[in-house]
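Single-structure report; data block below.
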Ligand code: SF4
Ligand code: SF4
Ligand code: SF4
Ligand code: SF4
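Below you can see the structure in the form of C-alpha cells.
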C-alpha cells in the first residue's frame, strides 16, 4: 500500500514534500502527487506517515 | 507600467528637495537647526539605529518607510484556530485572501521591481502564508538572493516560534535584525483553545502536549534571539473570553525575556473565512475593547499600536497596500536594481524627520504644559510623512491620536471605506465612515467638503482642514490649544 493526495483539497503548501523521507512527493501540474513506487508509508523511518501528519487539511493525504 | 507610480508625494505634495524643506511649516522650522539628535528622546541610540527605518518596529518610522512582503514559505507546522490555510496566514495578513505564492527567484524579481518604484521601501518581510522558520529553505534562499542585490534592505520574518530555535543562529548570521513571534499564551491550558495541533519532531501532537511544546519553543526562541541582539516583536491575537485577560501575563513573560515591542491585534473571525473560530462564532474585539486592553498593558514591554495586520503580499507604507500593482505578471522577466530613487528619498527623509521630531517634541511639550486636565481623540487623514495631507474623501484609514495631559500619543487607526470616488461622494459610504469614527472628537484632513462636514457634525464629530500639510502633532497641539483656551503654538514660537 501507499499513500495518495486528494488534489482537490490540497492547499499546495508543500509541507508534505519536504517531510517525506522517501522523496516520493513532487509538484506536478496543479498539485502535489505521491509516486506510488517510492512511497514506503514511512515504515522504518517514522511511527506516523509524515505527509498525513503534517498536512493541514483533514483527509487529504490518505491510504491509496 | 506607465507613469512613475510614486514620487516623493507621500511625504509632501512637492517633489524637489528645496521645495520640500521650504514647505516644512510652522514651529518646527524655527527649531530644526537646534541639533536635535533626530530620534525620540526615550530610545537607546543603538536600538534606534536598528529601528529607525523599520515601519513596524518604530511608530515614528512608519510615517516615512514602507515594507513589502513576499509569500515564499507556504508550509506551516502549527494549526491555529484563527487560520484557514485554504486561504491565508492570519498571523499578519487578513485571512480569506489568497496571496500569490512565489519561488525565491520570483520573489527577487518582485523585490527589485518594487525597490525601483517605491523609494520608501526599507524592509523585506516574510510573513506567511505559512511559517518562515519552518519553510526555512525557501526563506533563506530568498533572503540570500535579495541581500546580494540590495544590501541595505532590512530583512524581517514573522514566525509562530515552533521552529525558531533551530534557526536563531542562522538568522543572526544573515543579519536578520527583526523577528516577529506570534505568542498568544504562556499557559498551555489557554493554548489548547487556540491550537488544535502542531507538527514537531516528525509527529503530530494534539491537546495540552502540543500547547506545552509550542510554549516552550516560543520562550526558548525568544531568549535565543535576545541573546543575539535581534529585536523581537511579539504579536498576540486578542480573542475575547479566551486569552484577553491572559495577555497581561503574556506581556510580563515576553518583557522579562527581552521582547522589544508587544503588539496586540484583534481576532478576525468572519464566518466566511472558514476558520475554526469563524465557524464556531467566536467574536473578535471591537476598537474600544482593544484600546482598553492596550491601555492596561502600557508600562510592560513597549506597545505597538500601529499594526495593520497587513496581507502576506502587502507593499507600501503601513496604511496602504499597493500589492496589486506588483503582481508577478506585471513585472518584466528581467529587472535590474536601480538605487537612485531610494537614495534620493533617504536623503530627504533624513532632513525632514529631524525637523518633524523637533516640531513634535515642541507640540507635545505644549500640550503637557497646557495645564488642562482634558483629553481629545483626534483622527488624522494622512498619506505619510507625518503630516495632515490627505483629503477626507480619499482616506482609506484614519490615524488616531490622543492629546491629554500626558502629551500626544498615537493610539491606533480606524479603517474606513474611501468615501469619495471619481470626484463624487457616496452617502451610504459616508455613514460607514462616520460609524468607523465612533468616539472621535475631531477629524483633521487636508480638505473636506461642506456636505460631509455637516453630516459629521450631526454625528457629533467635528472636522477641520485648516491644518493641511502641517505636522500631525503641530496640528493637534493647535487644536488642543484652541479647544481648551491655552496659548497656541504660534504665539509661543
Ligand atoms: S506516507 Fe511517508 S513515504 Fe509515503 S508519501 Fe507520505 S511521507 Fe512519503
Ligand atoms: S501537506 Fe497537504 S495541503 Fe500541503 S501540499 Fe501536501 S497534500 Fe497539499
Ligand atoms: S509586518 Fe511583520 S514581517 Fe512585515 S515587515 Fe512588518 S514586522 Fe516584518
Ligand atoms: S502559524 Fe500562520 S499559517 Fe500557520 S496556522 Fe497559524 S496563522 Fe496559519
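Protein chains in written order, with this note's numbering: chain A, 91 to 154; chain B, 540 to 1032. Just so it is clear, CB atoms sit at the ideal spot from N, CA and C, and this is done for glycine as well.
Quiz prompt | Complete runs of the alpha helix (DSSP H) confined to the segment 898–985 of chain B [at least 4 residues] | solution = As far as the segment 898–985 of chain B is concerned, its whole alpha helix (DSSP H) runs of at least 4 residues are 966–975.
Quiz item: In or out: residue 681 of chain B buried (at least 16 other Cβ within 10 Å) or exposed?
Solution: buried
Exercise. Compute the Euclidean distance between the alpha carbons of residue 679 of chain B and residue 690 of chain B, then round it to the nearest angstrom.
Key: 15 Å
Quiz item: What's the call for residue 91 of chain A, buried or exposed, on a 16-neighbour Cβ count within 10 Å?
Solution: exposed
Quiz item: What's the C-alpha gap between residue 765 of chain B and residue 947 of chain B?
Solution: 30 Å
Practice problem: Take residue 534 of chain B as the anchor and find which of B:588, B:779 and B:862 has the nearest alpha-carbon. | Solution: Nothing can be reported for residue 534 of chain B, as the shown portion of chain B is limited to 540 through 1032.
Quiz item: Is DSSP giving residue 664 of chain B helix, strand or coil here?
Solution: strand
Quiz item: Interface residues of chain A around residue 615 of chain B at Cβ under 8 Å?
Solution: 103, 105 and 146
Quiz item: Since residue 138 of chain A meets chain B, which of its residues come closer than 8 Å, beta carbon to beta carbon?
Solution: 741, 742 and 743
Self-check item: Listed by chain order, chain B residues near residue 143 of chain A by CB distance under 7 Å
Solution: Near residue 143 of chain A (Cβ distances below 7 Å), the residues of chain B are 738, 742 and 743.
Exercise. For residue 113 of chain A, count neighbouring C-beta atoms within 10 Å of its own C-beta (all shown protein chains included) and say buried if the count is 16 or more, exposed if not.
Key: By the Cβ-count criterion, residue 113 of chain A is exposed, with fewer than 16 other Cβ atoms from all chains shown falling within 10 Å of its own Cβ.
Quiz prompt | Secondary structure of residue 705 of chain B, DSSP reduced to three states | solution = helix
Practice problem: Over the uninterrupted alpha helix (DSSP H) stretch that includes residue 135 of chain A, give me the two end residues. | Solution: Note, residue 135 of chain A: premise wrong, no alpha helix (DSSP H); not H, not E.
Practice problem: Determine the contact status of residue 731 of chain B and residue 781 of chain B, defining contact as a CB-CB distance below 8 Å. | Solution: Taking 8 Å as the Cβ cut-off, residue 731 of chain B and residue 781 of chain B do not qualify as a contacting pair.
Quiz item: Who are the Cβ neighbours of residue 751 of chain B in its own chain at under 8 Å, not counting the five residues just before and after it?
Solution: 727 and 730
Quiz item: Name the chain B residues whose beta carbon is nearer than 8 Å to that of residue 93 of chain A?
Solution: Chain B residues near residue 93 of chain A: none, gap ~15 Å exceeds 8 Å.
Quiz item: Taking Cβ positions only, does residue 624 of chain B come closer than 8 Å to chain A?
Solution: Any Cβ of chain A closer than 8 Å to the Cβ of residue 624 of chain B would place that residue at the interface, and such an atom is present.
Quiz item: Does at least one heavy atom of ligand 1 sit under 7 Å from the Cβ of residue 1000 of chain B?
Solution: Not under cutoff, so the answer is no.
Quiz prompt | Cβ neighbours of residue 142 of chain A in the same chain (closer than 6 Å, five flanking residues each side left out) | solution = 151
Quiz prompt | Within 8 Å of chain B by C-beta, residues of the segment 108–123 of chain A in sequence order | solution = 108 and 109
Quiz item: Would you say residue 105 of chain A touches ligand 2, meaning its beta carbon is less than 7 Å from a heavy atom?
Solution: It does: the Cβ of residue 105 of chain A is within 7 Å (strictly closer) of some heavy atom of ligand 2.
Quiz prompt | Proximal residues to residue 97 of chain A (C-beta, below 6 Å), its chain only, five neighbours per side dropped | solution = 121
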